[in-house]
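Please read the structure below before turning to the comments.
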Amino acid sequence: MRKLVELKEELEKCVKCGACRSVCPTFRVLGRETACARGKLTLIDACMGGAIEMSEAYLKHLKECTLCGACRDTCPKGVDTVAVYNAARVDAVQKLGAPLFASIVFKNLLESGRIMDVALKIASRLQGLIFKDGTLESGLLSRFSLPVIGKGRLLPPLARQFFLETSEARGLPAPAKTGQLKVAFYAGCGVNYLMPGVGKASIEVLKKAGADVFVPAGQVCCGMPAFASGDAAMARQMALKNIEVFESFECDYITTSCATCGHGLKHMFADVLSAAPELKKRIEAFSAKVIDINALLVNVLKYRSAGKETGGKLVTYHDPCHLNRAQGVRNEPRELLKSNKDITFKEMAFPCSCCGLGGGLSIVNYDLSIEITERKIESIRASGADIVATACPGCIVQLRDGLHKYGVNARVAHVVELV
Amino acid sequence: MLSETVKRELKRIVGEANATFAMEDLLCYAYDATNSSYMPDAVVFPSSAEEISLILKMANSEGFPVIPRGAGTGFSGGSLPVDGGVVVSTERMRKIIEIDAENLTAIVEPGVVTWELQNEVEKLGLFYPPDPTSLKFSTIGGNIAECAGGPRAVKYGVTRDYVLGLQAVLPTGEIIDTGVATAKGVVGYDLTRLLVGSEGTLGIVTKARLRLLPKPETTKTLLALFPDIKDAAKAVSAVIRAKVVPSTLEFIDSACIKVVEEHAKMDFSGAGAILLIEADGGADSVEKETVTIERICLENNASSVRAATDKYEVKDLWKARRAISPSLHKIRPDKINEDVVVPRASIPDLIAGIEEISKRHNLLIACFGHAGDGNIHVNVMYDKKNAVEAASAEDAVVEVFRLTLRLHGTISGEHGVGTTKSRFIEMELGPAVIDAMKRIKATLDPKGILNPGKIFPKAKGPEKAEFAVAGKQTQ
Ligand SMILES: Cc1cc2nc3c(=O)[nH]c(=O)nc-3n(C[C@H](O)[C@H](O)[C@H](O)COP(=O)(O)OP(=O)(O)OC[C@H]3O[C@@H](n4cnc5c(N)ncnc54)[C@H](O)[C@@H]3O)c2cc1C
Ligand code: SF4
Ligand code: SF4
């Protein structure tokens, strides 16, 4: 991964045209130059050059960003803003000696099936005491005012049984050698701890599509949250561990139903491990196999839904930034949805605008994060859809919270659950 | 430097959270799209004319500069705090107050982004035509202050033509309402028009009453490729002569085509110039007009003319067209960007003259822009690290200005004078005109606190000697 000093030329490429102001979700809410790419790049440059300290204000502006990549997409000069932000976060962590947020959690996520799982399971028993069912698709609302969580925030309940422990996942430890395409399924934390249903639906649809799907045990967090917090060392360890786990199987594809994990596996692993040339071939072989589940279903397995009862009629789709911008997967989920004759697909306004969760923003500044979501929810409301489909557990969490908060009665589902 | 009392007062006026003196904030309000930078002493985010009035009154009594700022996308340095002072950002004043579909007017605050207004009025079947290429991020206030124009100006005119009235705070702090809510009005001097294009030097706009039109029924986009740039220029004049008024008539030369190809992933090989032409209105008339335009292009040796097939292609073409200006740096590291205008019939002469200047100085001069109204963006490409090249670039720009004026044109069609062109206004304006302008400024702003250092050249001197500084302004 390129260090911040090596990205100086990216900073110099910026001509201060201001085009990035038109797309930045945090700028839209905050309305201050310091929120958009032009401002952030200026501050990063100033901090590198010593014109400003690595101050509270500097870090605040650095963190007020969902790493959605909209600015990079729109920049006529092609400034790789996200690479600069990531490098600046890593740089800050190195100088400050602590991740920008949530370090303890990451440490536990490195250990698959161990301490974290136990701790979480206890938490899942306790959650009934602290939270009450928020009714809206049984999200959880805190019974008491809990400052760490944010007022009125609808949190997804922890699964009673984590996906990787379900019989569906455990029953598929290795390819069955059916002669079909061998597909390894990577669950990711969202699916594993919060949405085992999405994992099960993924397996089901992959089987229907004619894949020899299996779920390697021992897989751990992809490291994207740690990476966003600037903790590149932690992300590196997670990347290595996952590569080892998946390497031990022969397979044609590695797929996931999490947009963020997919982006992590496909791009971030190579990035954080680039300092180790001896790993290059292994990483390349690994990354080349990674493909998002929508793209795998449509482009490789040529899957079309035979129709499926979803309990809704009008379905719209939200583009996760890490799928649309980071992996270029836009049409595939739409094609999948449209192939289900039992639903009508309707495009919402601004389907690609960020949901507000990413880059750790919902942790460091929940109020800002959920305010970004408001625009999305307005689009959903205006579309009249009763189901919002998307392809990332992170977006699902945020959209559910947003729909609840802004009072829109629609259900959120993963594409794989609807086809 | 501002005194502690002034700082405290500023906070009191706009609220603690809306006044900042932090280095981190100042750095981000020091630049605009000219890519040069001057540190302000404070940035404030007022929410009303009353607050701005108090700030300006204090500026007069305490003697500090006040610099109005919209989105900071100006190409002439208008929002740069060249003498420090307090930047007044309109970023919090971004309400569309009213859209009146019966009277075809809208009332907006200055910080509204142009595209957001267009989007809202179009939902009601209405139309706000001014479309600077920066419309997705520049503000109505900035558009008014620079009298921004865009591709549609050939048919619909520029920002000035859509401002019915303004609420503005004068440099001395009085809040005034100018103009009318009616289709006409002649009572007193036309202060609205005085403020439009005044580059934030005569008042701060706090509300604007804008004129709207019914939205054209349909639009058709044509793309005409010309092997020879001179034929493209002739086609522009011929279209205008044929009394067809396209809604846009954009010209893109071969250097810019490369940039477009890259952006839109399209292949225009063999083209020496492209015309991007749109006709809008009722379906029948659009059809008739595009047939005529196509015929004229072919008569002028276009190698191909075709209609954009779907709305995505149109979107892509415009996205690519908008990317030209900031992307030119891919060709050469630096550029001097000018937006000269000549009478439309003189476009072939302008293009031929620029080609000659380019050859003589051995410099690439990339041209694109709103050919339909005679406004061509002339970009002299060079490398500022190469002293010889930098010096010829300076000469070339002065020659382009001379050529423009010889053709009865003007040296800036829409970007304004600001800091980047102030040393040249004497080439175009006579001393009596400049003097009249200075007297207007002195009357309204006796202390010279509102956006100082703009438009008027600071000290007299030969245009070239001062150019060294301008070379730095490579947006
Ligand atoms: C990529 C790109 C393309 C562009 N294309 C075009 C184009 O096609 N046509 C065109 O005309 N321009 C164009 N521009 C230039 C620029 O976008 C316009 O001049 C625009 O109107 C500036 O608006 P702004 O909100 O950014 O104003 P700023 O740059 O912030 O300010 C511009 C001037 O307006 C003054 N000002 C701002 N708000 C107020 C207010 N409320 N009251 C009084 N004064 C105020 C400022 O003091 C300053 O002098 C382009 C710029 C870029 C970067
Ligand atoms: S769009 Fe790109 S070049 Fe323009 S200001 Fe933003 S980062 Fe800089
Ligand atoms: S990555 Fe997204 S949130 Fe961050 S600066 Fe760019 S556009 Fe804004």
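Each protein sequence line maps, in turn, to chains X and Y. Our numbering applies: residue 1 is where the first sequence begins, and numbers increase by one. Our numbering applies: residue 420 is where the second sequence begins, and numbers increase by one. We put the beta carbon where it would ideally sit given N, CA and C, even for glycine. Predicted model, so just to flag it, every value in this text is computed and none were measured.
Contact set between residue i and chain Y, taken where Cβ atoms lie within less than 9 Å
| i | result |
| --- | --- |
| A19/X | T492, S553, K555, F556, R741, A742 and P745 |
| Y58/X | E443 |
| S55/X | A441, M442 and E443 |
Chain Y within 9 Å of residue i, Cβ atoms only
| i | result |
| --- | --- |
| R38/X | yes |
| E33/X | yes |
| S379/X | no |
| I52/X | yes |
| A46/X | yes |
| H267/X | no |
Cβ neighbours of residue i in the same chain (closer than 7 Å, five flanking residues each side left out)
| i | result |
| --- | --- |
| A46/X | I52 |
| F556/Y | A490, T492 and V532 |
| S831/Y | D758 and K840 |
| N340/X | S305, G307, K308, L418 and V419 |
| E882/Y | Any reading at E882/Y is ruled out, since the residue's pLDDT is 41, under 50, leaving its predicted position unreliable. |
| I432/Y | E470, L473 and I474 |
| G90/X | Here the sequence assigns Val to residue 90/X, which means Gly is not the residue at that position. The residues are G230 and A232. |
| S379/X | M348, A349 and F350 |
| Q219/X | S112, Y186, A187, N242 and V245 |
Closest Cα partner of residue i within the set the options
| i | options | result |
| --- | --- | --- |
| V588/Y | S495/Y, W534/Y, A643/Y and L475/Y | L475/Y |
| K207/X | V79/X, G311/X, A239/X and A169/X | A169/X |
| D699/Y | I693/Y, I712/Y and T439/Y | I712/Y |
| G496/Y | R842/Y, S455/Y and A441/Y | S455/Y |
| I460/Y | E636/Y, T439/Y and V807/Y | The residue asked about is misnamed: residue 460/Y is Asp in this sequence, not Ile. When only C-alpha atoms are compared, the closest one is T439/Y. |
| G622/Y | C675/Y, P865/Y and P876/Y | P865/Y |
| I737/Y | T625/Y, G561/Y, K639/Y and S498/Y | First, the residue type needs correcting, since residue 737/Y is Trp and not Ile in the sequence shown. Ranking the options by Cα distance to W737/Y, first place goes to K639/Y. |
| I776/Y | G791/Y, V760/Y and V797/Y | V797/Y |
| K60/X | T373/X, G360/X and V82/X | G360/X |
| S167/X | Q180/X, K177/X and G197/X | G197/X |
| L389/X | E374/X, R375/X, K338/X and I363/X | The question names Leu, but residue 389/X in the sequence shown is Ala. Among E374/X, R375/X, K338/X and I363/X, the Cα nearest to that of A389/X belongs to K338/X. |
| F214/X | M224/X, Y186/X and L194/X | Y186/X |
| S746/Y | K16/X, V5/X, M1/X and K8/X | K16/X |
| E636/Y | R751/Y, K662/Y, D703/Y and L717/Y | D703/Y |
| E12/X | P752/Y, L869/Y and H789/Y | P752/Y |
| E165/X | V205/X, S383/X, P216/X and L240/X | P216/X |
Partner residues on chain X for residue i, Cβ-Cβ distance less than 9 Å
| i | result |
| --- | --- |
| H748/Y | K13, V15 and K77 |
| D451/Y | K16 and G18 |
| N454/Y | C14, V15, K16 and C17 |
CB contact check: residue i to chain X, cutoff 9 Å
| i | result |
| --- | --- |
| E902/Y | Since the first and last residues shown for chain Y are 420 and 894, residue 902/Y lies out of range. |
| V588/Y | no |
| E423/Y | no |
| H906/Y | Outside the displayed range of chain Y (420 to 894) lies residue 906/Y, so it cannot be described from this structure. |
| F787/Y | no |
| R513/Y | yes |
| F483/Y | no |
| F464/Y | yes |
| A887/Y | Note on A887/Y: pLDDT 34, under 50, position unreliable in the model; the coordinate value appears next. A887/Y does not count as touching chain X. |
Amino acids of chain X, ordered along the chain, whose beta-carbon sits closer than 7 Å to that of residue i
| i | result |
| --- | --- |
| E510/Y | G31 and R32 |
| Y448/Y | E33 |
Closer than 8 Å at the beta carbon, the chain Y residues around residue i
| i | result |
| --- | --- |
| S22/X | V532, W534, K555 and F556 |
| L43/X | E443, L446 and C447 |
| H61/X | E443 |
Neighbourhood of residue i by C-beta distance below 8 Å, restricted to the same chain and skipping five residues each side
| i | result |
| --- | --- |
| G358/X | T66, L67, C68, A228, T260, C321, H322 and G394 |
| A690/Y | L644, F645, P646, S673, I676 and S722 |
| N719/Y | F645, D650, A651, K653, A654 and A657 |
| H611/Y | The sequence given here has Thr at residue 611/Y, not His. Excluding residues within five positions, the ones whose Cβ falls inside 8 Å are V582, L583, G584, L585, T597 and G598. |
| L824/Y | I830, M846 and E847 |
Contact set for residue i: own chain, Cβ-Cβ below 6 Å, skip 5 residues either direction
| i | result |
| --- | --- |
| L822/Y | G772 |
Any non-hydrogen atom of ligand 4 within 8 Å of residue i CB
| i | result |
| --- | --- |
| P25/X | With respect to ligand 4, the structure shown offers nothing to examine, as its ligands consist of ligand 1, ligand 2 and ligand 3. |
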